[in-house]
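Peer 1: Numbering (our numbering), first residue to last: 239 to 334.
Before I ask anything, here is the structure I am working with.
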Amino acid sequence: ELLDRGERLLSTDGRLCCILPIEQEQHVCDVAKARGLFVQRRCRIRPRPEKDPHRAMLAFATSESSVQETELAIEVERHFPTPEYRALTSEFLLKH
């Protein structure tokens, strides 16, 4: 449903962004492509650097281009966020 509405509401240069479980990433990308939406950015999120990714942040657009791929670890160790995660969330959190 999100992809259906996104396809209808996106402007020519707009983007539809979402965060989803890593297990759903390929399915959502396949459905999006069938609807004329293409991945422009993909960030796989790891709980810690040594762990497997558990979430994917995806940005879809109506035009096809090369995909910008990145990764993000949330914590260095328990309760110690990575500098990248702090930078990403600093405007939304009162305390890190």
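The beta carbon of each residue, even a glycine, is placed where N, CA and C say it ideally should be.
Quick one: what's got a C-beta closer than 8 Å to Pro291's C-beta in the same chain, skipping five residues either side?
Peer 2: Counting only Cβ-Cβ distances below 8 Å, and skipping sequence neighbours, we find Ile260, Arg282, Ile283, Arg284 and Glu309.
Peer 1: If contacts are defined as beta-carbon pairs under 8 Å, then Arg253 and Ala299 qualify, I think. What distance do you get, rounded to the angstrom?
Peer 2: 5 Å
Peer 1: Can you check the stretch 263 to 300 for any alpha helix (DSSP H) of at least 4 residues that lies completely inside it and give the ranges in chain order?
Peer 2: 263 to 272
Peer 1: Report the option in Val269, Glu313 and Ser303 whose CA atom is closest to the CA atom of Gln278.
Peer 2: Ser303
Peer 1: Is Glu322 closer than 8 Å to Arg280 when the C-beta atoms are compared?
Peer 2: no
Peer 1: With a threshold of 16 other CB atoms inside 10 Å of the CB of Ile336, please say whether the residue is buried or exposed.
Peer 2: Residue 336 lies beyond the stretch modelled for the chain, which goes from 239 to 334, so this question has no answer here.
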